[in-house]
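Undergrad:
Numbering (the UniProt record's numbering), first residue to last: 1 to 731.
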């Protein structure tokens, strides 16, 4: 989602004949683009081609302006200081972008406190800072790779990532262009032809073409490597505004019949309007498919520019334009284009806050119309009373003026600026205070009274549950990590190393190796206790998102994860070489598109290899991944938002097969021992969010360490029934 912004005027005014005619049709194109973005977000939950229209237009205006500055700066009367000084242009950018942005960020901060559960305040607070400082795209890119982070799909600030891309593009391009202009001015003293506008245009064009080509290749190549990161990557995106910049540098002046320009513009506009339906932008952009909306934008720019190059005598600009451009230059598209930036800022957070407030995933037709109307109204008010005044084009000064006609010291602009600055500072301080408050909170539940907080024992043993607030609280449970995470023995996605941790009784002669991904890792909290009690050692071999599987091209959230297969291969060899007495790993996984769970066929060869090496295998059945008819459930957020143990629960039949699917493996594999703790997590009908006064899940699908410890006795009983040395030593 690219913010509809542009800068057309050069930092140092160029000669009038070098400035292209103002294109009202491109304001209209911006209006069509923002309408597509808003409508597709509100009603279709998809990415439209409007995003890429904004990027291409931004590049066309901004690079064209920088090129004119570079050419004009070669004039003898233009000093080096004027040539390289970024402040005039940067000041206009800040005055154009920041007032509306900060207004929306302040509103988001207030609505977050009112509407959003406290469990999400830290993540949204950090996004507020990232948005204000124009690195939101990188924040989301790395957040999408953080296995322990909540999804940012419903963030009220997700759309700001594209503004961050544009802001980075504007600043980097401006600095490079100003330095380039100064170097050319300096070099032209020895080599005068360098100051020729045609030479400058060629040099700039070649440089822009090269960077755009490399960026396009990078975007295409990274789609198959990590599309989630690629979608937010500035360098993957930069070819789109640079494509618009290339058109500003080398606008073709071909003599094309009017009818051909008309046909080209009609086809281009049709592609822009419809591509959101037949291109899956999230999976396809900014790769080659983005050429459709970007290329179509360039065609519309070219069609109008060509028509205006040689206007016939007595023909106005509007009459000279092709019919499509003339339509775009009409009243309502142009008006919508003038509020596009503010509308872009407002529509997404309003949608997210409304859906969160109503507990819905989609807006109805009527709800969408109301949301769009409110967004447009707020966008107009923001432009009229905030953007325009602070850009210097707005309203008259307020009262408090002296009656003798002297200059008024208290103006609308000064008051508005002061309010925005103070509100922004207060918001920033509030974010830091809350972030620090949450960061100092610690989970301390290892000594909970089991009579008051029985956890899974309440279901397994029928223990009474007194009426108490659950532990950890929904806000704290998100920090209830297994020991291996806090001790640093869990390899991250990018970390290829095997980090072996030692738990239980380090001096024991018997060893269990805990291996796999995070759904194996979460059992360390119980295994550590059992090892200490029953005198066996637990060694850990763990990697994020990497269960023990022979799958050649495993995926994580749909992204190819080849590092996992390599890691699994090396871990198998290391574990066999380390010669543990048993391994402990996951034996099942939820089915993706139907109820229940299963043993993936890529798991069993791993079990067989360890059994062939003489190693006992404990296969733990995976616990339900919370979900309901509306989708996945983030348990802490659901509870913090007023949900209960049952309203945030999962139906057992939707998550689990009637019997542990791994039991069938034991019939032909005496050294394979299936373990099933489902009855400690679920009753006959539901898998509640709170069991025995303990919150079950710490995020979307990982058990809290506190709850895992409450299952230790039953886990130990099942293990000892299969392998006696894992239980208490006989007296």
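Note that the Cβ used here is the ideal one computed from N, Cα and C, for glycine as well.
Hey, quick one: how far does the alpha helix (DSSP H) through residue 217 stretch, first residue to last?
TA: By 1-based counting over the chain shown, the position of residue 217 is 217. It spans 197-232 - the alpha helix (DSSP H) in which residue 217 sits, taken as one unbroken run.
Undergrad: What is the residue span of the beta strand (DSSP E) that residue 619 lies within?
TA: Residue mapping note: residue 619 aligns to position 619 of the chain shown, counting from 1. 616-620 is the span of the beta strand (DSSP E), which, as asked, contains residue 619.
Undergrad: Is there contact here, the segment 522-536 with the segment 498-507, by at least three beta-carbon pairs under 8 Å?
TA: Touching, per the Cβ criterion.
Undergrad: When we look at the beta-carbon of residue 377 and count the other beta-carbons within 10 Å, is it buried (16 or more) or exposed?
TA: Taking the first residue of the chain shown as 1, we reach residue 377 at position 377. Exposed.
Undergrad: Taking DSSP's pairing of strands, which residues face residue 674 in a bridge?
TA: For the purposes of this step, residue 674 is taken as residue 674 along the chain shown, with counting starting at 1. According to DSSP, which records beta bridges pairwise, residue 674 is partnered with 619.
Undergrad: Quick one: using the 10 Å Cβ neighbour count with 16 as the cut-off for buried, is residue 34 buried or exposed?
TA: By 1-based counting over the chain shown, the position of residue 34 is 34. When all chains shown are included, residue 34 counts as buried.
Undergrad: By DSSP's criteria, residue 539 is part of a beta bridge. Which residues make up the other side?
TA: The residue you call residue 539 lines up with position 539 of the chain shown. DSSP, once it has assigned bridges, lists 502 and 513 as partnering residue 539.
Undergrad: Could you tell me the boundaries of the alpha helix (DSSP H) in which residue 249 lies?
TA: Within the chain shown, residue 249 is the residue found at index 249, counting from 1. Looking at the DSSP string, the run of the alpha helix (DSSP H) that includes residue 249 is 239-249.
Undergrad: How big is the Cα-Cα spacing for residue 288 and residue 248?
TA: Translated into positions along the chain shown, residue 288 becomes position 288. Translated into positions along the chain shown, residue 248 becomes position 248. So the two alpha carbons sit approximately 21 Å from each other.
Undergrad: If we ignore side chains and look at the alpha-carbon of each, how far apart do residue 732 and residue 238 end up?
TA: This structure cannot speak to residue 732, because the chain is shown only from 1 to 731.
Undergrad: Pick helix, strand or coil for residue 174, following the three-state DSSP scheme.
TA: Sequence index remark: in the chain shown, residue 174 carries index 174 (1-based). DSSP places residue 174 in helix when its eight states are reduced to three.
Undergrad: Return the bridge partner residues of residue 555 from the DSSP annotation.
TA: Counted from its first residue, the chain shown places residue 555 at position 555. Paired residue(s): 560.
Undergrad: Looking only at C-alpha atoms, which of 26, 559, 37 and 276 sits nearest to residue 229?
TA: The residue you call residue 229 lines up with position 229 of the chain shown. Nearest C-alpha to residue 229: 559.
Undergrad: With DSSP as the reference, label residue 456 as helix, strand or coil.
TA: Along the chain shown, read from residue 1 onward, the residue named residue 456 stands at position 456. Reduced to three states, the DSSP call for residue 456 is coil.
Undergrad: Check whether the segment 260-273 touches the segment 321-329, taking contact to mean three or more Cβ pairs, one atom from each stretch, closer than 8 Å.
TA: With a cut-off of 8 Å, the segment 321-329 and the segment 260-273 count as touching, because enough Cβ pairs lie within range.
Undergrad: Could you check where the alpha helix (DSSP H) with residue 84 kicks off and where it finishes?
TA: Along the chain shown, read from residue 1 onward, the residue named residue 84 stands at position 84. Residue 84 -> alpha helix (DSSP H) spans 80-84.
Undergrad: On the criterion of 16 or more Cβ atoms from any shown chain inside 10 Å, does residue 442 qualify as buried, or is it exposed?
TA: Taking the chain shown and counting its residues from 1, one reaches residue 442 at position 442. Around the Cβ of residue 442, a 10 Å sphere holds fewer than 16 other Cβ atoms; the residue is exposed.
Undergrad: With respect to the beta strand (DSSP E) encompassing residue 582, which residues constitute its N-terminal and C-terminal limits?
TA: Locating residue 582 in the chain shown gives position 582, counting from the first residue. 582-586 is the span of the beta strand (DSSP E), which, as asked, contains residue 582.
Undergrad: Check whether the segment 563-578 touches the segment 619-626, counting contact only when three or more Cβ pairs, one atom from each stretch, lie closer than 8 Å.
TA: no
Undergrad: Could you round the C-beta distance between residue 117 and residue 641 to whole angstroms and report it? I think they count as a contact, below 8 Å.
TA: For the purposes of this step, residue 117 is taken as residue 117 along the chain shown, with counting starting at 1. For the purposes of this step, residue 641 is taken as residue 641 along the chain shown, with counting starting at 1. Residue 641 and residue 117 do touch by the CB rule: their CB atoms are close to 4 Å apart, below 8 Å.
Undergrad: Could you tell me which of 374, 549, 609 and 614 sits nearest to residue 586, measuring between CA atoms?
TA: By one-based count along the chain shown, residue 586 stands at place 586. With distances taken between Cα atoms, residue 586 lies closest to 549.
Undergrad: Going by beta carbon distance, what residues of the same chain come within less than 6 Å of residue 347, once the five residues before and after it are set aside?
TA: Your numbering for residue 347 matches position 347 in the chain shown. Here the set comprises 38 and 375.
Undergrad: Can residue 669 and residue 611 be called in contact, C-beta distance under 8 Å?
TA: Against the chain shown, residue 669 aligns to sequence position 669. Against the chain shown, residue 611 aligns to sequence position 611. Yes, Cβ-Cβ distance for residue 669 and residue 611 is below 8 Å.
Undergrad: Short check: CB of residue 49 to CB of residue 272, under 8 Å?
TA: If you number the chain shown from 1, residue 49 lands on position 49. If you number the chain shown from 1, residue 272 lands on position 272. Cβ atoms of residue 49 and residue 272: closer than 8 Å.
Undergrad: Could you check if residue 114 is buried or exposed, using at least 16 other CB atoms within 10 Å of its CB as the buried criterion?
TA: For the purposes of this step, residue 114 is identified with residue 114 of the chain shown, where counting begins at 1. Exposed is the call here.
Undergrad: Would a check of beta-carbon distances place residue 661 closer than 8 Å to chain C?
TA: Protein chains in the displayed structure number just one, and chain C is not present.
Undergrad: Under the three-state reduction of DSSP, which class applies to residue 642: helix, strand or coil?
TA: Walking along the chain shown from the start, residue 642 turns up at place 642. Coil at residue 642, not helix or strand.
Undergrad: With a threshold of 8 Å, are at least 3 pairs of Cβ atoms found where one atom belongs to the segment 92-102 and the other to the segment 272-287?
TA: no
Undergrad: Counting only the same chain and skipping the five closest in sequence on each side, list residues whose C-beta sits under 6 Å from that of residue 682.
TA: Counted from its first residue, the chain shown places residue 682 at position 682. The residues are 652.
Undergrad: Can you give, in chain order, each stretch of the alpha helix (DSSP H) that sits fully within the segment 15-96 and has at least 4 residues?
TA: 24-39, 50-72 and 80-84
Undergrad: The alpha helix (DSSP H) with residue 718 in it runs from where to where?
TA: As a position in the chain shown, residue 718 is number 718, starting the count at 1. Taken as a continuous stretch (DSSP letters only), the alpha helix (DSSP H) holding residue 718 covers 712-722.
Undergrad: May I ask you to report which of helix, strand or coil DSSP gives residue 462?
TA: Taking the chain shown and counting its residues from 1, the one referred to as residue 462 is at position 462. Three-state result, residue 462: coil.
Undergrad: Rounded to whole angstroms, what is the Cα-Cα separation between residue 254 and residue 262?
TA: Position 254 of the chain shown, counted from the first residue, corresponds to residue 254. Position 262 of the chain shown, counted from the first residue, corresponds to residue 262. Distance between the alpha carbons of residue 254 and residue 262 is about 15 Å.
Undergrad: In the DSSP assignment, the alpha helix (DSSP H) including residue 700 goes from what residue to what residue?
TA: Start at 1 with the first residue of the chain shown, and residue 700 comes out as number 700. Where residue 700 is concerned, there is no enclosing alpha helix (DSSP H), given that its DSSP letter is neither H nor E.
Undergrad: So, helix, strand or coil for residue 392, using DSSP?
TA: Translated into the one-based positions of the chain shown, residue 392 becomes position 392. Correct three-state label for residue 392: coil.
Undergrad: Below 8 Å on the Cβ atoms is my contact criterion, and I expect residue 514 with residue 538 to pass it. Report the Cβ-Cβ distance as a whole number of Å.
TA: Looking up residue 514 in the chain shown gives position 514. Looking up residue 538 in the chain shown gives position 538. 6 Å between Cβ atoms; contact.
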